[in-house]
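Position 320 of the sequence shown, counting from 1, maps to 320 under UniProt numbering, and the rest follow consecutively. Quick notes on the structure that follows.
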Amino acid sequence: MRFFKFKTLEELIAEVEKLGLGEVLKFDENLELIFQPIEIGRLKIGNRFAIHPMEGCDGTLDGKPDELTFRRWEKFGAGGAKLIWGEATAVVEEGRANPRQLWLNEKNLKLFAELVEKTRQAHKKIWGDDSDLVIGIQLTHSGRWSYKKPIIAFHNPVVDKLTFIDKDKKISIDESYPVVSDDYLEKLEDEFVKCAKLAYEVGFQFIDIKQCHTYLLNELLAGKTREGKYGGDFQNRTKFIRNVVTKIKSELGEKIFIASRINVFDCVPFVKDDDGVGKSVEYPLPYLFGFGVKENNPLEPDLTEPIKLVEILCSLGVKIINISMGSPYYNPHIGRPFETPPIDGYIQPEHPLIGVARHFKLTAEIKKAVDSLNNLTDKVLVVGTGYSYLREFFVYAGEANLKENKVSIVGVGRGALAYPDFVYDLKRYGRLNSSKVCITISHCTNLMRSKHNELGQFPAGCVPRDKVYAEIFKVAREKLRK
1 MRFFKFKTLE ELIAEVEKLG LGEVLKFDEN LELIFQPIEI GRLKIGNRFA
51 IHPMEGCDGT LDGKPDELTF RRWEKFGAGG AKLIWGEATA VVEEGRANPR
101 QLWLNEKNLK LFAELVEKTR QAHKKIWGDD SDLVIGIQLT HSGRWSYKKP
151 IIAFHNPVVD KLTFIDKDKK ISIDESYPVV SDDYLEKLED EFVKCAKLAY
201 EVGFQFIDIK QCHTYLLNEL LAGKTREGKY GGDFQNRTKF IRNVVTKIKS
251 ELGEKIFIAS RINVFDCVPF VKDDDGVGKS VEYPLPYLFG FGVKENNPLE
301 PDLTEPIKLV EILCSLGVKI INISMGSPYY NPHIGRPFET PPIDGYIQPE
351 HPLIGVARHF KLTAEIKKAV DSLNNLTDKV LVVGTGYSYL REFFVYAGEA
401 NLKENKVSIV GVGRGALAYP DFVYDLKRYG RLNSSKVCIT ISHCTNLMRS
451 KHNELGQFPA GCVPRDKVYA EIFKVAREKL RK
């Protein structure tokens with residue numbers, strides 16, 4: 001089904017109104033705030049655009065940035081967004097989501113430092129100055145989605161069925177599969193601290209402790225049924241993140257800023273119905289296995305605990321909160337509304353604009369909660385998500401959200417893979433080029449799902465807009481046919 005049929009902003013607005021989303025999805029063509037700088041502590045971010053952490057699955061097998069990694073980061077640097085949120089990078093080898101995910105360790109420092117430096121050089125070459133460019137890195141543990149074997153925080157009766165020991169043979173984990181121990185988690189806290197110190201050493205200005213998309217730290221937040229000191233009540237479920245932030249602050253002080261990308265709404269898994277359309281799986285009630293969900297209806301968000309988490313993070317000195325939701329593994333329409341599903345996905349069960357509106361609404365509620373905190377010494381920035389689906393019109397939605405104080409910074413993920421120089425074009429021409437935008441047909445995800453080469457992973461990027469990835473996609477499809 002084709003959803004995005006809009007040639008003009010007026011046509012898009014008409015559809016928004018038809019769907020009853022006009023109070024949430026607004027647009028402003030008078031671009032003022034989006035080019036204004038904003039401060040984070042001692043640093044200035046030169047505009048309100050961020051590049052979201054977008055993995056390229058293109059590192060070396062030992063976790064170093066490789067040729068395509070440098071190419072992608074340099075394009076982001078040259079493009080003009082002043083906040084570059086570096087991609088998910090593992091803190092331990094067993095926590096990598098694929099064999100080519102980046103992994104920050106002592107042996108890889110030289111190339112990570114070079115990655116930061118070349119990104120800055122690319123920015124300076126186009127923009128002349130990088131003093132208002134802020135670059136960070138996302139530190140992660142992939143948990144149940146780790147590629148070697150699942151590392152789970154607790155048993156989830158609906159998600160366990162989708163968590164595979166052997167994906168080719170469709171062998172999923174069962175109730176006998178071991179849950180990660182408290183001892184492991186305690187040691188893992190120190191691995192995050194160690195990587196934060198390494199990130200500072202190579203020149204990153206902030207680190208993101210990743211708590212989204214149902215990876216390990218996100219799953220810990222949902223661990224109501226987990227036993228031990230990291231599970232059960234809210235205090236225990238937030239112990240890991242509180243300990244990590246406190247330890248990093250103790251070791252590094254204000255040398256490096258701490259950020260966190262968090263899920264504010266996990267939702268439940270979706271599968272194809274007989275027509276290929278997404279439908280939720282059957283789930284037990286009360287639903288005790290998700291973060292930011294209503295226990296009596298996990299298809300609906302409940303921001304009570306996400307707001308409490310954000311308040312804790314702010315009180316501990318976290319400077320940037322990046323809002324996301326859903327899982328790319330079992331409900332991708334929640335996190336990234338799309339036109340065409342990925343190869344292992346389903347047709348949108350709702351109009352994608354409803355998903356965009358959900359992002360904007362929940363982000364605005366988090367922003368309101370952050371702004372209400374009166375015990376903060378510094379401003380905390382809130383980065384929004386969900387913009388790429390809007391194609392060339394997303395900047396007008398971003399401007400409207402900024403003017404209504406619903407967000408601090410407009411984050412762009414898939415849209416930046418397709419159109420890394422969108423800020424350059426916007427500054428030069430006053431608008432975006434519709435022939436360069438992301439069209440959300442999920443081929444970047446299809447490449448991420450392609451494991452059938454000698455490295456166990458094809459690189460991921462924008463197939464429709466980048467000839468390099470169009471050729472990689474062609475090779476991947478040909479290998480699959482053989």
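All C-beta atoms in this analysis are idealised placements derived from N, C-alpha and C, irrespective of residue type, glycine included. For clarity, every value in this text was computed on a predicted model and none was experimentally measured.
Check: Inter-residue Cα distance where the pair is residue 190 and residue 58; Outcome: 27 angstroms
Check: Integer-rounded CB distance, given that residue 161 should sit under 8 angstroms from residue 172; Outcome: 5 angstroms
Check: Complete beta strand (DSSP E) runs within the segment 173-210 (minimum length 3 residues, chain order); Outcome: 206-209
Check: Segment limits, alpha helix (DSSP H) that includes residue 357; Outcome: 352-371
Check: Secondary structure, beta strand (DSSP E): runs of 3+ residues fully inside the segment 76-149; Outcome: 83-90 and 134-140
Check: Cβ-based burial, residue 409 [other Cβ within 10 Å; buried from 16]; Outcome: buried
Check: 9 angstroms Cβ cutoff met for residue 261 and residue 312; Outcome: no
Check: According to DSSP, residues forming a beta bridge with residue 261; Outcome: 322
Check: Beta-carbon gap between residue 143 and residue 60 smaller than 9 angstroms; Outcome: no
Check: Unbroken alpha helix (DSSP H) run spanning residue 332, endpoints; Outcome: 332-335
Check: Residues near residue 41 in its chain [Cβ-Cβ closer than 8 angstroms; skip 5 each side]; Outcome: 254, 257, 319 and 378
Check: Boundaries of the alpha helix (DSSP H) in which residue 480 is found, first to last residue; Outcome: 467-481
Check: Cβ-based burial, residue 435 [other Cβ within 10 Å; buried from 16]; Outcome: exposed
Check: Inter-residue Cα distance where the pair is residue 47 and residue 32; Outcome: 10 angstroms
Check: Contact under 9 angstroms by Cβ, residue 83 with residue 51; Outcome: yes
Check: Endpoints, alpha helix (DSSP H) assigned at residue 499; Outcome: The requested residue 499 does not occur in the structure, where the chain is confined to residues 1 to 482.
Check: Per-residue DSSP class, three states only, for residue 453; Outcome: coil
Check: Close-in-space but distant-in-sequence residues of the same chain around residue 366 (CB under 8 angstroms, 5 per side omitted); Outcome: 264, 303, 306, 307, 310, 321, 323 and 382
Check: Expected contact under 8 angstroms - CB spacing of residue 342 and residue 335 to nearest Å; Outcome: At roughly 12 angstroms, the Cβ-Cβ gap does not stay under 8 angstroms, so residue 342 and residue 335 are not in contact.
Check: Residue 483 and residue 422 closer than 9 angstroms at C-beta; Outcome: Residue 483 is absent from the model: the chain starts at 1 and stops at 482.
Check: Cβ shell of residue 472 (< 7 angstroms), same chain only, five flanking positions each side left out; Outcome: 447, 458 and 459
Check: Residue range of the unbroken alpha helix (DSSP H) whose run includes residue 241; Outcome: 239-252
Check: Where residue 123 falls, given that 16 or more other Cβ within 10 Å makes a residue buried; Outcome: buried
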